[in-house]
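Residue numbers (our numbering): 742 to 1162.
In this text, a Cβ means the ideal position worked out from N, Cα and C, and glycines have one as well.
None of the values given here were measured: they were computed from a predicted structure.
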Amino acid sequence: MSTAYPHYQRPCCWPDPAFDGAVKPALTGHQHFDAIIIGAGYTGLAIARRLAERQPNYRIAVLEAEQVGSGSPGRNSGFALETALSAPSAAQAQQLHTLYQRAHTQLITAAGLSDTSTQPVFKAAATSRGERYIKQLERFMVASGQPAEWLDAAALAQITGSTYYRSGLLLPGNRLLNPVRTIRAVAQTLPANVTLYENSAALELEQHASRWVVRTASAMAEAPRLFLANNAFIKGLGYGASRSVTIYTYAGLTPILSDAERAQINQRGEWGLLPAHRLGTTFRSTQDGRLLVRGMYGYEQEGGDEVEQILLRSLHSRYPELEGAQQLAHWWGGTTSLTANGAPLWGELRPGLFASVGCNGVGLVKGWMLGGALADLATGAATIPVHELFGRPSWMPPEPFRQLGFLAVSTLEKQLAGGEI
Ligand SMILES: Cc1cc2nc3c(=O)[nH]c(=O)nc-3n(C[C@H](O)[C@H](O)[C@H](O)COP(=O)(O)OP(=O)(O)OC[C@H]3O[C@@H](n4cnc5c(N)ncnc54)[C@H](O)[C@@H]3O)c2cc1C
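Encoded structure:
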């Protein structure tokens, strides 16, 4: 099986009532473009839009391995985050926050969504270690001038209907999206000089003089500019192997809660909870009245049926009232690309070959921002100082040392995360 593009075991099941089932034709023949983008996620579509805006005469192709939204762009939990939760300094966090706010507005405008977000999105802690992190985060928010509001256990219980959490921090400005709906809406409003090809996985790249050639199973395309926006699958096309790993994480949706269940756990409205530890479990409610639970990480390989039980354990520890439910309505795995120090692999890798991958699990807004910035770089326009803000991805040792390192760190971190999982 090719590792150049995703092969997920289960479909992703965010509902999209607006989807009419129409699929864009795959790439055929041997075609010439001014720019080719591989991957129609947040990064790839942001590159396409910005490039088309800056170069209206370019013929731009976006090659997507699957159908837009069936891969990770639609498999995530839908938190569009504009808060800079970490940065080397308060000043850099402030700068990042402003840039994320701008990218967030551009993304939701491209998706045709209203620009007001009213759902509470917050970090919450269930352990004393987690509480210490929340207090530290509050100081960081104040120092970097980002909005935040303390939530005590009673306030958290009122929002979530769970008494599991001790304290939290409300992070205004962040938003909950239906990711499938969002990415499809963005794909439907691409500029006229951008053509999207679905079911067109790039399998091989070659450089011929000053042109880049991309081969799919039955066609080829070439252009002087090639953009890699395929995130966790960049290694399968021969780049980024010493800087990034593919991490699987999982999300599950409960059935739509009945009125009785909702009353029992005092559940109303949409809210989103981010854990106080990076290996912790994310929760949110959805517009159609379900709970979403996201947790677990797997190294380079998708997990099997045990995942559902682990997600259910986290759900039941927060909502013992739902213990009768022994199955999720849907659950699925998705990928993200992780670098050791959190810096994205971003920039011109070879003449005419550009890449932006490695959003480390928060790529909705960050991917959009970095994609737009990459198109700026490629067209010689002023761009945001990506390397100054994030650094460059550090080198990772080869296998088997890399996997051993990952397992050692994740075992330790799981212990530290404790009840946040
Ligand atoms: C379960 C889960 C929950 C998450 N929750 C959140 C969240 O709430 N908020 C958040 O910000 N982030 C979240 N993430 C991470 C987020 O999904 C990613 O950071 C984001 O999708 C990155 O966007 P991207 O466009 O860079 O890459 P991707 O979304 O991975 O898009 C890459 C695209 O490239 C395509 N592709 C891959 N290989 C090829 C190829 N060879 N040829 C053509 N196309 C190819 C893929 O099919 C895909 O459509 C979550 C991830 C998962 C798995």
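heavy atom of ligand 1 below 7 Å from residue i C-beta
| i | result |
| --- | --- |
| E945 | no |
| T1173 | Lying outside 742 to 1162, the shown extent of the chain, residue 1173 is not represented and no answer is given. |
| V1055 | A small fix is needed here, since residue 1055 is Ser in this sequence, not Val. Outside the cutoff, so no. |
| F1024 | no |
| I1162 | no |
| N817 | yes |
| S813 | yes |
| T995 | no |
| G853 | no |
| I1051 | no |
| F974 | yes |
| E872 | no |
| A926 | no |
| C1100 | yes |
| E805 | yes |
| N971 | yes |
| L1118 | no |
| L840 | no |
| V935 | no |
| V1127 | no |
| R1163 | Lying before the first or after the last residue shown, residue 1163 is absent from the chain, which here runs from 742 to 1162. |
| R1035 | yes |
| F760 | no |
| Y746 | yes |
| E784 | Checking the displayed sequence, the identity of residue 784 turns out to be Thr instead of Glu. Yes, since a heavy atom of ligand 1 falls inside the 7 Å radius drawn around the Cβ of T784. |
| V862 | no |
| L967 | no |
| G909 | no |
| L1094 | no |
| F820 | yes |
| V1150 | no |
| G780 | yes |
| L768 | no |
Nearest to residue i (by Cα), restricted to the options the options
| i | options | result |
| --- | --- | --- |
| W804 | R956, R1035, L910, S855 | In the sequence under discussion, the amino acid at residue 804 is Leu, which differs from the Trp named in the question. When each option's Cα is compared against that of L804, the closest is R956. |
| P797 | A1116, T987, G812, R1133 | A1116 |
| S1058 | I1006, E1089, L978 | I1006 |
| G1036 | A867, L826, E1161, P996 | E1161 |
| M961 | L768, V935, P758, Q750 | L768 |
| F1095 | L1111, P756, L1069 | L1111 |
| A867 | P1141, A759, F1024 | F1024 |
| T744 | G1021, A942, L1157 | A942 |
| F974 | T987, Q877, W1109, G1088 | T987 |
| S855 | A865, M882, A832, G914 | G914 |
| A982 | A1081, E947, E939, A1017 | A1081 |
| G1099 | H771, P1092, G1108, R1091 | G1108 |
| P1092 | T1077, V1127, R966 | R966 |
| Q1050 | E1011, E1041, G993, G770 | G993 |
| G1102 | Y1038, G770, S858, Q1144 | Y1038 |
| L1033 | F820, V764, Q847, L840 | F820 |
| E807 | L1090, E879, C753, L1063 | C753 |
Expected contact under 8 Å - CB spacing of residue i and residue j to nearest Å
| i | j | result |
| --- | --- | --- |
| Y783 | G1013 | That belief does not hold up - the Cβ atoms of Y783 and G1013 are roughly 18 Å apart, past 8 Å. |
| S813 | G1075 | 4 Å |
| A776 | F968 | 7 Å |
| R984 | P1134 | 4 Å |
| L1165 | A928 | Residue 1165 is absent from the model: the chain starts at 742 and stops at 1162. |
| T995 | L1069 | 6 Å |
| V921 | D757 | 5 Å |
| G1113 | R907 | Not confirmed; about 39 Å, so no contact. |
| L1118 | Q833 | Going by Cβ atoms, the distance from L1118 to Q833 rounds to 20 Å, so no, they are not a contact pair. |
| I779 | A789 | Not really, about 11 Å apart at Cβ, beyond 8 Å. |
| L912 | A889 | 6 Å |
| W1072 | L1056 | The pair is not a contact, with the Cβ atoms about 11 Å apart (cut-off 8 Å). |
| Q799 | E1043 | Checking the displayed sequence, the identity of residue 799 turns out to be Tyr instead of Gln. No, Y799 and E1043 are not in contact; Cβ-Cβ is about 37 Å, not under 8 Å. |
| G853 | T930 | 7 Å |
Residues that DSSP places opposite residue i in a beta bridge
| i | result |
| --- | --- |
| F968 | I778, F1095 |
| T1023 | R1035 |
| Y938 | L804 |
| E1062 | E1062 pairs with nothing; no bridge assigned. |
| W953 | Q948, A964 |
| Q772 | A962 |
| Y746 | BP columns for Y746 are empty, so no partner. |
| P1016 | A865 |
| Y1040 | I988 |
Closer than 8 Å to chain D by CB, residue i
| i | result |
| --- | --- |
| W1073 | As a matter of chain content, chain D is missing from the structure shown, which is built from one protein chain. |
Exercise for the section: With a floor of 4 residues, list each alpha helix (DSSP H) that falls wholly inside the segment 1070-1152, ordered by position along the chain. Expected result: 1104-1119, 1127-1131
| query | Can you give, in chain order, each stretch of the alpha helix (DSSP H) that sits fully within the segment 817-897 and has at least 4 residues? | reply | 831-851, 869-884
Q. Enumerated in chain order, which unbroken segments of the beta strand (DSSP E) with a length of 3 residues or greater are wholly contained in the segment 961-1011?
A. 961-964, 966-969, 985-994
Q: With a floor of 3 residues, list each beta strand (DSSP E) that falls wholly inside the segment 904-938, ordered by position along the chain.
A: 908-911, 935-938
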